[in-house]
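The sequence shown begins at 64 in the numbering used here and counts up one residue at a time.
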Amino acid sequence: MAFCARSTTRVALACCLCIVAGLARAASYEIPKNLEQGWDAQVQFGALATFGVNDTSAISARTDLSYRGERFEHELVAKFYRSSSVAQVTRLDASGKQVVNSKGEPVTDRVKTTTSDRRFLSVQPRWFFTSRHYLFALADVDINEPDGVSSSTLHVGGVGYKLWKSRGHYASAAVGVGRRRFEPLSGEVEAESVGYVGLRFKRLLSETVSLSLMLDSDFGGEESYSEAEASLSWRVRGPVAIKFKYGASVNSRVVNPWNTFDDGVEAAMSVNLEVEVF
64 MAFCARSTTR VALACCLCIV AGLARAASYE IPKNLEQGWD AQVQFGALAT FGVNDTSAIS
124 ARTDLSYRGE RFEHELVAKF YRSSSVAQVT RLDASGKQVV NSKGEPVTDR VKTTTSDRRF
184 LSVQPRWFFT SRHYLFALAD VDINEPDGVS SSTLHVGGVG YKLWKSRGHY ASAAVGVGRR
244 RFEPLSGEVE AESVGYVGLR FKRLLSETVS LSLMLDSDFG GEESYSEAEA SLSWRVRGPV
304 AIKFKYGASV NSRVVNPWNT FDDGVEAAMS VNLEVEVF
């Protein structure tokens, strides 16, 4: 724990130095000519259903809303993912033997299981003290009771850098320090100081195709958590696009993040319909 505290202190000191250096240049702030101001919003939908021995269903939705002014940029992200399965399970008696009816046929029960019910909300305001450097505050909450998460919250502040060409073509990196609080459905509540790293990259490959990469990771606590996402969007008509996406959440206990059978890995590959609202 002492090592973690020293590491977090070093990160905080580095952030402070960056802030002081950047604020000294704030007076020379100039609005980039290619900076697009105003609202930007996308909505994504995805669904899956299978039928057979087991019936499964999954539905996902995501909203990205942002507003950019001269110096301020505000971003809100909301995610929802729910998956469930229904199976006919053979009924057993107290001795473990199969229960049959008067016709000698096995008796079955319809069992429904919710495997995931994730609700995530993130808010991040940014203030640009130069045309590319900014201060930010991040607050998010993650709930997924079927996975044992009553709530997981993160509060972070720090500095970042954004190289902006257009809304569909940019790269950014941010580092900060803050606090994570994890409340499981059963067990003790965990709260600890953490460091934070966030990376974003979006590039237009053509007039209709774009590539997007995202990474959020906290470190310095007893366990670290990372969430990564890679997606390829193809605009088919007007504001409508088809998005091929792979996303994964991994904690530090995972030795091999590519092992999808590990309890510490939550990964999903999906095809979504994306609509640019404005």
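By construction, the Cβ of each residue, glycine as well, lies at the ideal position given by its N, Cα and C atoms.
### Task
Determine, using beta carbons only, whether H218 and A236 come nearer to each other than 8 Å.
The count along the sequence shown starts at 1 and reaches residue 218 at position 155. The count along the sequence shown starts at 1 and reaches residue 236 at position 173. No, these two residues do not count as a Cβ contact at 8 Å.
### Query
Can you list, in chain order, the residues of its chain whose CB lies under 6 Å from that of R244, leaving out five sequence neighbours each side?
Taking the sequence shown and counting its residues from 1, one reaches residue 244 at position 181. Excluding its 5 nearest sequence neighbours in each direction, R244 has C-beta neighbours in its own chain below 6 Å: T216 and A254, listed in chain order.
### Query
What number of angstroms, rounded off, separates the C-alpha of T271 from the C-alpha of L226?
Here residue 271 refers to the residue found at position 208 when the sequence shown is read from its first residue. Here residue 226 refers to the residue found at position 163 when the sequence shown is read from its first residue. T271 and L226 have their alpha carbons spaced roughly 22 Å apart.
### Message
Below 8 Å, how does it come out for the stretch 179 to 188 and the stretch 154 to 162: are there three or more Cβ pairs, yes or no?
### Response
With fewer than three CB-CB distances shorter than 8 Å, the stretch 179 to 188 does not count as touching the stretch 154 to 162.
### Query
Can you list, in chain order, the residues of its chain whose CB lies under 8 Å from that of A177, leaving out five sequence neighbours each side?
Locating residue 177 in the sequence shown gives position 114, where the first residue counts as 1. Here the sequence assigns Thr to residue 177, which means Ala is not the residue at that position. Cβ within range, chain order: R145, S146, S147 and P209.
### Query
Which residue spans inside the stretch 167 to 225 form an unbroken beta strand (DSSP E) run of at least 3?
For the beta strand (DSSP E) assignment, the uninterrupted runs of no fewer than 3 residues enclosed by the stretch 167 to 225 are, from N- to C-terminal side, 171 to 191 and 196 to 207.
### Task
Below 8 Å on the Cβ atoms is my guess for L274 versus L295; work out the distance and round it to an integer in Å.
Looking up residue 274 in the sequence shown gives position 211. Looking up residue 295 in the sequence shown gives position 232. Correct: roughly 6 Å between the Cβ atoms.
### Task
Compute the distance between the beta-carbons of G284 and V257, then report whether it is under 8 Å.
As a working mapping, residue 284 is identified with position 221 in the sequence shown. As a working mapping, residue 257 is identified with position 194 in the sequence shown. Going by beta carbons, G284 and V257 fall inside the 8 Å limit.
### Message
Taking only three categories from DSSP, how would you classify T153?
### Response
The sequence position of residue 153 within the sequence shown is 90, counting from 1. Note: T153 maps to strand in three-state DSSP.
### Exposed unless 16 or more other CB atoms sit within 10 angstroms - verdict on R300
The residue labelled residue 300 in the question sits at position 237 within the sequence shown. When all chains shown are included, R300 counts as exposed.
### Query
Hey, how far is the Cα of V303 from the Cα of V116?
On the sequence shown, position 240 is the one that residue 303 refers to. On the sequence shown, position 53 is the one that residue 116 refers to. For the pair V303 and V116, the Cα-to-Cα distance works out to about 35 Å.
### Message
Here's the rule I'm using: 16 or more other beta-carbon atoms within 10 Å means buried, otherwise exposed. How should Y197 be labelled?
### Response
Indexing the sequence shown from 1 puts residue 197 at position 134. Buried, by the Cβ-count rule.
### Task
Answer with buried or exposed for N335, where buried requires no fewer than 16 other C-beta atoms within 10 angstroms of its C-beta.
Here residue 335 corresponds to residue number 272 of the sequence shown, with the count starting at 1. The C-beta of N335 has 16 or more other C-beta atoms within 10 Å across all chains shown, which makes the residue buried.
### Message
I need the boundaries of the beta strand (DSSP E) containing F282, first residue and last residue.
### Response
Within the sequence shown, the letter at position 219 stands for residue 282. Unbroken beta strand (DSSP E) run through F282: V272 to F282.
### Message
Between the alpha carbons of R134 and V238, how many angstroms are there, rounded?
### Response
Walking along the sequence shown from the start, residue 134 turns up at place 71. Walking along the sequence shown from the start, residue 238 turns up at place 175. Looking at the two C-alpha atoms, the distance is approximately 19 Å.
### Neighbourhood of S179 by C-beta distance below 7 Å, restricted to the same chain and skipping five residues each side
As a position in the sequence shown, residue 179 is number 116, starting the count at 1. Here S179 has Y144, R145, S146, N207, P209 and D210 as same chain residues with Cβ atoms under 7 Å from its own Cβ, once five neighbours each way along the sequence are excluded.
### Query
Expressed to the nearest angstrom, what Euclidean distance is found between the alpha-carbon atoms of L276 and F264?
In the sequence shown, residue 276 corresponds to position 213, counting from 1. In the sequence shown, residue 264 corresponds to position 201, counting from 1. Those two C-alpha atoms are separated by around 5 Å.
### Query
Beta carbon of F341, beta carbon of A104: below 8 Å?
As a working mapping, residue 341 is identified with position 278 in the sequence shown. As a working mapping, residue 104 is identified with position 41 in the sequence shown. Against a cut-off of 8 Å, the Cβ pair of A104 and F341 comes out as a contact.
### Task
Put Q107 into one of helix, strand or coil per three-state DSSP.
The count along the sequence shown starts at 1 and reaches residue 107 at position 44. Note: Q107 maps to strand in three-state DSSP.
### Query
In three-state DSSP terms, what is P302?
Here residue 302 corresponds to residue number 239 of the sequence shown, with the count starting at 1. Coil, per DSSP.
### Task
Give the straight-line distance between the Cα atoms of E246 and D205, rounded to the nearest whole angstrom.
Numbered from its first residue, the sequence shown carries residue 246 at position 183. Numbered from its first residue, the sequence shown carries residue 205 at position 142. If I take the Cα positions, the gap works out to 10 Å.
### Task
Check E290 in the structure and name its three-state DSSP category.
By one-based count along the sequence shown, residue 290 stands at place 227. DSSP places E290 in strand when its eight states are reduced to three.
### Query
When the Cα of S312 is compared with those of E329, S287 and Y233, which residue comes out closest?
To locate residue 312, count along the sequence shown from 1; it is residue 249. Of all alpha-carbon atoms in E329, S287 and Y233, the one lying nearest the alpha-carbon of S312 is that of E329.
### Message
I need the DSSP call for G115, collapsed to helix, strand or coil.
### Response
Reading the sequence shown from its first residue, position 52 is the one you call residue 115. In the structure shown, G115 sits in coil (DSSP, three-state: anything other than H, G, I, E or B).
### Message
Are the CB atoms of S289 and S123 within a distance shorter than 8 Å?
### Response
Indexing the sequence shown from 1 puts residue 123 at position 60. Indexing the sequence shown from 1 puts residue 289 at position 226. No, Cβ-Cβ distance for S123 and S289 is not below 8 Å.
### Query
Around the C-beta of R131, are 16 or more other C-beta atoms found within 10 angstroms, so that it is buried, or is it exposed?
Position 68 of the sequence shown holds residue 131. It is buried - the Cβ of R131 has at least 16 other Cβ atoms within 10 Å.
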